[in-house]
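Just so you know, the protein sequences line up as chains E, F and V, in that order.
Just so you know, we're using numbering that gives the first Met the number 0 here: the first sequence kicks off at 0 and counts up by one.
Just so you know, we're using numbering that gives the first Met the number 0 here: the second sequence kicks off at 0 and counts up by one.
Just so you know, we're using numbering that gives the first Met the number 0 here: the third sequence kicks off at 0 and counts up by one.
Cβ atoms here follow ideal geometry from the backbone N, Cα and C, with glycine treated the same way.
What follows is one structure encoded as structure tokens, with my remarks underneath.
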Amino acid sequence: MVNAHLHRFVDKKRVRAAIVQAERATDAPISVSIVPHVTGDVHAAALRELHRRGLSRAPGRNAVHFFVVPSRREFAVVGDAAAHERLGQDAWNGVAATVEKHFRLGDPTAGLVAGIEEAGRHLAVHFPRKPSSAR
Amino acid sequence: MNAVRWLFALLVLIGLSAAANAADVPIPPSPTHWATDATGFLAPQTVVALDARLRAYESSSGHQVLVYVAPTTGATPTEDWTVRAFARWKVGRKGLDDGLVLFVFPKDRKLRIEVGYGLEQTIPDATAARIIRDITPELKAGKPDAAVTSGIDEILAVLAGEPRPARDSAAAGKNLDGPRASSVPNPVPVYPDTGSSRFGEFFGEAIGILIGLLVVAGIIALIMKLPDPPKGAYISSRGSGFGFFDALNLIGGIASIAGSFSGGGGFSGGGGSSGGGGASGSW
Amino acid sequence: MNRGLIVLGGFVVIVLIAVMSLAGTYNRLVTLDQAVQSQWAQVESVYQRRADLIPNLVATVKGAANFEKSTYVAVAEARSKVGQLNLGSGVPNDPAAFAKFSAAQDGLSSALSRLLVVVEKYPDLKATQNFSDLQAQLEGTENRIAVERRRFNEAAQTFNTTRDSFPTVLVAGFFGSRFNEKAYFKSQAGSEVAPQVKL
């Protein structure tokens, strides 16, 4: 398998479970991508990925995406237009700090899980899931 | 319901046209006896006697001599039909082509001796013509059994090397067919029927088309400057995946439709083959 | 894995496949061409056989009293025209040479059939053993010629069909006259009409 190390970087099951849990309270889609290499600005690449994955097509324009580049030991957390507008830069800073703390300790899985949970709490406030919306 | 009617009409039309083409009598499959007569032209005991005699002749000499009586050759000229039948039945031994068939077509009132390549030196055209001339009067007189039997008598005698009585002694000597027959080279297969060439055809065609498509796809990709496919891991609530475009699937699909199998050639030259030697007559 | 290396490897694979495909096509053409050439040898052989019968025929006919000279002279001339053909070995590949050959042989066929019609007027000549043997030989040879011509046309057709199909046609043109389209024997113009003899 190509880039197997990327798939082993985190425990995908746990991360996915965290996403599912967080998305129960919000209708904003949350996702993670772990890529082998990025040339140039990681943040800009994260935003490109948001568009490429089709996440910017979410109805509420409230998608949140975690973008990790292990080869450069960098990551970025980006949100779509409405998400950024409502949550504000402070929220992103907080989430990033949480993720970074765990990454530095050598536990990327925990970092992502914690970051997802925190982002999920913010999103639940601003974009709560309406009971009728189908999933 | 309408479609069924159309289909039925089409089938009837095909059937009728096939019947119309039946004016061309198709070459029947190889006969199973040395003497064949489905028309009742010869008496049954004659057929049985000839069959036994020719079978014995073949086991003693190796040459395959047949008698074949069919009503007509249809729209095809007699010589055309007989040479095709001779080739299809592969009369005579492979490589030696030492076969001979006495054909009689009562409805056409035509007869022909078709001689295989290997026997042309022993029974050249002139001899075959003489034999036909000798038995034609008996056919005209309405004595088919005597005619065919004496014809076979003569043929077997010539094959055995007994000198034929010449009516005009001036004919003895110059026999152009003798030495000339050896200059006719052994018949070679018209369509070499080797399995490897067929596989080569298929392979070549398929690969040719495949390459063409790949080149076109490559050019289009270059022109469009497709962005790099997304790489690495991707996790979302909908599941995790590889996220890269599997180009191999597309190629596999193209390969399965590419290639047309064009069929190889006709018959192989083994067995008996006649170059059209022999003689014909009518009564 | 260096992406450049993958692209190069892919390119090499494609080139290899192209070369193999080319070889397969070439070999196929060679095989079919050989079939045509060997069948051509058969055709030449039976035509030669006919030419060899002519001197004897002319001598026999000359001997008959008062036989119309012009008829057998025409046959002798047509035969020498055929004998003078010196077309070399590539006749099936060369449409011009093929046409020349065909025309010369057809000329001899016409002269012969006129002669045989005239012979009908000389029943004594016709009845002789010598002549009837010759006639049998001629008929046999004409039949053989017809058979070998038909087989040549079939071989040529197989060759032409493969040669002209795509993508084989691209390969064939590359090798020059060797894989030219083969010509076919056509039935003689006017052969459906039996020659009329002025009485």
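{"query": "Cross-chain neighbours of F/Gly231 in chain E, by beta carbon under 7 angstroms", "result": "Asn2, Leu5, Ser32, Ile33, Val34 and Pro35"}
{"query": "Contacting residues, own chain, Cβ-Cβ under 8 angstroms from V/Gln156 (five flanking each side not counted)", "result": "Tyr183"}
{"query": "Contact with chain F by V/Leu124, beta-carbon distance below 9 angstroms", "result": "no"}
{"query": "Cβ pair E/Asp79, E/Val68 closer than 9 angstroms", "result": "no"}
{"query": "Proximal chain V residues relative to F/Leu213, where beta-carbon distance stays under 8 angstroms", "result": "Ile13"}
{"query": "Alpha-carbon to alpha-carbon, E/Gly39 and E/Val112", "result": "27 angstroms"}
{"query": "Beta-carbon proximity of E/Arg52 to E/Ser70, cut-off 9 angstroms", "result": "no"}
{"query": "CA nearest to the CA of E/Ile18, picked from F/Lys142, F/Ser236, F/Gly277 and F/Ala278", "result": "F/Ser236"}
{"query": "Beta carbon of V/Trp39 nearer than 9 angstroms to that of V/Val81", "result": "no"}
{"query": "Reduced DSSP secondary structure (H/G/I, E/B, other) of F/Asp152", "result": "helix"}
{"query": "Straight-line gap, F/Thr45 to F/Asp36 (C-alpha atoms, nearest Å)", "result": "10 angstroms"}
{"query": "Beta-carbon spacing of E/His125, E/Ala82 below 9 angstroms", "result": "yes"}
{"query": "Min CB distance E/Arg56 to chain F below 9 angstroms", "result": "no"}
{"query": "At least three beta-carbon pairs within less than 8 angstroms, the segment 134-148 of chain V to the segment 167-181 of chain V", "result": "no"}
{"query": "Element boundaries [alpha helix (DSSP H), containing V/Pro107]", "result": "Correcting the residue type first, residue 107 of chain V is Leu in the shown sequence and not Pro. Where V/Leu107 is concerned, the enclosing alpha helix (DSSP H) stretches over Pro94 to Val118."}
{"query": "Pairwise C-alpha distance: V/Tyr25 and V/Met19", "result": "10 angstroms"}
{"query": "Entirely enclosed alpha helix (DSSP H) segments - the segment 19-98 of chain E, minimum 4 residues", "result": "41-51"}
{"query": "V/Ile5 at chain F interface by Cβ criterion, 9 angstroms", "result": "no"}
{"query": "Beta-carbon spacing of F/Gly277, F/Asp79 below 9 angstroms", "result": "no"}
{"query": "V/Arg78 burial status per 10 Å Cβ neighbour count (16 or more: buried)", "result": "buried"}
{"query": "Nonlocal neighbours in the same chain, by C-beta distance under 6 angstroms from F/Val68, ignoring five residues either side", "result": "Asp36, Thr38, Phe40 and Val103"}
{"query": "Length of the line joining the Cα atoms of V/Val29 and V/Ala154", "result": "13 angstroms"}
{"query": "Which of helix, strand or coil DSSP assigns to V/Lys68", "result": "helix"}
{"query": "V/Val72, buried or exposed, once every other Cβ within 10 Å from all chains shown has been counted against 16", "result": "exposed"}
{"query": "F/Leu247, DSSP secondary structure in three states", "result": "Interpretation of F/Leu247 is limited by its pLDDT of 38, a score under 50 that renders its predicted location unreliable; the figure taken from the coordinates is listed afterwards. Reduced to three states, the DSSP call for F/Leu247 is helix."}
{"query": "CB of E/Ala90 within 9 angstroms of CB of E/Ala123, strictly", "result": "no"}
{"query": "Unbroken beta strand (DSSP E) run spanning V/Gln128, endpoints", "result": "Per DSSP, V/Gln128 belongs to no beta strand (DSSP E); it is in the alpha helix (DSSP H), Gln128 to Asp163."}
{"query": "Cross-chain neighbours of E/Val14 in chain F, by beta carbon under 8 angstroms", "result": "Ile234"}
{"query": "Beta carbon of F/Ile131 nearer than 9 angstroms to that of F/Leu110", "result": "yes"}
{"query": "CB contact below 9 angstroms: V/Ser251 versus chain F", "result": "Within the shown structure, residues of chain V are numbered from 0 to 198, placing residue 251 of chain V beyond reach of any answer."}
{"query": "Residues sharing a beta bridge with F/Phe104, DSSP", "result": "F/Lys109"}
{"query": "Assigned secondary structure, F/Val90 (DSSP; H/G/I helix, E/B strand, else coil)", "result": "coil"}
{"query": "Per DSSP, cross-strand counterpart(s) of F/Gly280", "result": "F/Leu110"}
{"query": "Bridge partner(s) assigned by DSSP for F/Thr35", "result": "F/Tyr67"}
{"query": "At least 3 beta-carbon pairs within less than 8 angstroms: the segment 31-49 of chain V vs the segment 125-133 of chain V", "result": "no"}
{"query": "Straight-line Cα distance separating F/Val64 from F/Pro76", "result": "22 angstroms"}
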